[in-house]
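When we follow the working numbering, the leftmost residue of the sequence shown carries the number 8, and every step to the right adds one. Glycine is no exception: its CB is placed at the ideal position from the N, C-alpha and C atoms. The structure under discussion appears below in the form of structure tokens.
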Amino acid sequence: MHRMHTQACLTLIFASIACSALVLDGRNCSLSASQKLAAVSLTNLFENGQFDFDYEYCENINDGRGVTAGFAGFTTADGDALDVIQAYTAQHPSNSLAEYIPALKLLAQNNSDSTSLLAGYCKAWMNEAKQTAFQDIQMAEVTTKYYQPSQQMADELGLQYALSRAFLYDTIIQHGGGDDGDSLAAIVNRTNTELGGSPAEGVDETIWLPAMISERREDLLHPDNAATADQWAQSIDRTDVYAQLVDTSQWALAGTVHFNTTDYPDESLATSNTMATNSANCGARVEVNATNESFLDLASPVSGDNSLPLASSTVLGALTLTVLLLI
């Protein structure tokens with residue numbers, strides 16, 4: 008028994024050391040708190056025109072998805088906004104958005120972008136969005152529906168760079184996590200087909216990500232869902248920002264992230280230089296109880312896949328201590 012525990016812990020130590028080596032050139036085993044903030048802030052800029060979290064945002068952008076609201080763009084046509092409002096209503100039944108639940112259910116059932124049943128909806132959304140509780144619900148929904156699935160897919164694809172992982176998050180926010188031809192999964196599958204595999208299968212990640220960016224750009228210009236075509240064609244600079252970050256080797260999303268494109272001229276995002284690693288390292292699954300440094304104080308992450316970051320030296324020290332105790 009002791010020998011088995013010792014062997015397992017030694018394996019974790021060597022994995023942790025390997026993970027630490029990856030960090031030195033900008034690769035990471037999962038996004039640190041600072042990198043998560045950088046990733047989400049970039050998407051905030053694309054969604055709402057600012058790096059900060061615009062919980063009160065609400066408008067019909069005529070993209071075939073009804074009214075878009077909140078910092079992550081929760082829409083009324085696909086049940087996205089419905090999930091947020093139902094979760095909020097379960098905690099605060101008397102809120103001013105609760106009356107829209109029957110209409111939102113009907114819209115979601117028919118995947119309808121109609122707004123005829125939503126008079127006053129944006130006013131109610133903006134009013135509730137001033138409440139911390141509603142902001143927390145938005146964060147929690149983004150965590151479970153978008154952030155965690157995107158990072159689980161990043162694990163499966165063998166992605167090690169923060170820039171690649173951030174791009175998957177931004178893609179799932181805009182394209183969704185479904186199985187339609189415009190979804191994150193569909194774009195990833197087309198990229199893998201083009202390159203004959205993913206980084207997990209030996210494809211160089213510095214080749215894979217530019218191909219993924221190009222595939223998504225093409226999808227924005229020629230989406231399967233024709234209703235989104237006009238609006239999505241206007242958002243191609245979203246992919247051009249990431250292409251520029253690749254070209255300027257900002258793979259770590261550390262320090263000052265800078266880009267200069269047509270829609271986003273001379274933008275800079277200051278981040279921490281620290282690239283803390285997660286003990287759930289590249290290619291391994293390790294469960295560690297971490298202090299809630301948080302994904303922006305979101306709901307608890309998935310243990311073992313996207314748990315909260317620990318400095319690799321901390322993990323190494325803890326694992327070494329475990330070995331000493333078990334020998």
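{"Query": "As an exercise, report each continuous alpha helix (DSSP H) stretch of at least 4 residues that is fully enclosed by the region 39-108, in chain order.", "Result": "40-55, 87-98"}
{"Query": "Assess, as a yes-or-no matter, whether the region 205-220 is touched by the region 148-166 under the definition of 3 or more beta carbon pairs within less than 8 Å.", "Result": "yes"}
{"Query": "Decide if the region 211-224 is in contact with the region 39-58; the criterion is three or more beta carbon pairs, one per stretch, under 8 Å apart.", "Result": "no"}
{"Query": "With which residues is A277 paired in a DSSP beta bridge?", "Result": "T263"}
{"Query": "Whole angstroms are fine: how far does the CA of Y154 sit from the CA of K130?", "Result": "28 Å"}
{"Query": "Do D189 and D226 have their C-beta atoms closer together than 7 Å?", "Result": "yes"}
{"Query": "Looking at the secondary structure, which residues open and close the alpha helix (DSSP H) in which Y153 lies?", "Result": "Segment: none, Y153 is in no alpha helix (DSSP H) and carries neither H nor E."}
{"Query": "Taking three-plus beta-carbon pairs below 8 Å as touching, is the region 73-87 in contact with the region 117-129?", "Result": "yes"}
{"Query": "How far does the alpha helix (DSSP H) with K137 in it reach, from first residue to last?", "Result": "Premise fails: K137 is in no alpha helix (DSSP H) and is neither H nor E."}
{"Query": "Hey, how far is the Cα of E66 from the Cα of W132?", "Result": "10 Å"}
{"Query": "A240 and L228 - do their beta-carbons sit closer together than 7 Å?", "Result": "yes"}
{"Query": "Which same chain residues end up closer than 7 Å to A28 when comparing Cβ atoms and leaving out the 5 residues on each side of it in sequence?", "Result": "A caution first: A28 carries a pLDDT of 37, below 50, which makes its placement in the model unreliable, though a value can still be read off. Excluding sequence neighbours, A28 sits near nothing in its chain."}
{"Query": "In the structure shown, what three-state DSSP assignment does L124 receive?", "Result": "coil"}
{"Query": "Who are the near neighbours of A234 in its chain, counting only those whose CB is closer than 6 Å to its CB and skipping five residues on each side?", "Result": "G71"}
{"Query": "In angstroms with no decimal places, state the Cα-to-Cα distance between E148 and H99.", "Result": "16 Å"}
{"Query": "Between the Cα of G184 and those of N199, L170, K152, A169, spot the shortest distance and give me the residue it belongs to.", "Result": "K152"}
{"Query": "DSSP on D244, reduced to helix/strand/coil?", "Result": "helix"}
{"Query": "Assign D85 to buried or exposed, taking buried as 16 or more other Cβ atoms, counted over all protein chains shown, within 10 Å of its Cβ.", "Result": "buried"}
{"Query": "Residues in its own chain within less than 6 Å of E274 by CB, not counting five upstream and five downstream?", "Result": "F266"}
{"Query": "Once DSSP output is grouped into helix, strand and coil, what is the label at H182?", "Result": "helix"}
{"Query": "Which whole-angstrom value describes the C-beta separation of I194 and R223, a residue pair presumed to lie in contact below a C-beta threshold of 8 Å?", "Result": "5 Å"}
{"Query": "Would DSSP call Y271 helix, strand or coil?", "Result": "coil"}
{"Query": "Looking only at its own chain, which residues have a Cβ that is under 6 Å from the Cβ of Q42, when we skip the five neighbours before and after it?", "Result": "A169, L260"}
{"Query": "Under 8 Å Cβ to Cβ from Q242, same chain only, skipping five residues before and after it: list those, please.", "Result": "The sequence given here has Ser at residue 242, not Gln. If we look at S242 and ignore the five residues flanking it on each side, its Cβ neighbours are F53, Q181, L227."}
{"Query": "Which term fits G56, buried or exposed, when burial requires 16 or more other beta carbons within 10 angstroms of its beta carbon?", "Result": "exposed"}
{"Query": "Below 8 Å on the Cβ atoms is my contact criterion, and I expect L114 with E135 to pass it. Report the Cβ-Cβ distance as a whole number of Å.", "Result": "The pair is not a contact, with the Cβ atoms about 19 Å apart (cut-off 8 Å)."}
{"Query": "Ordered along the chain, which non-local residues of its own chain (more than five positions away) have a Cβ less than 8 Å from that of E201?", "Result": "A218, E222"}
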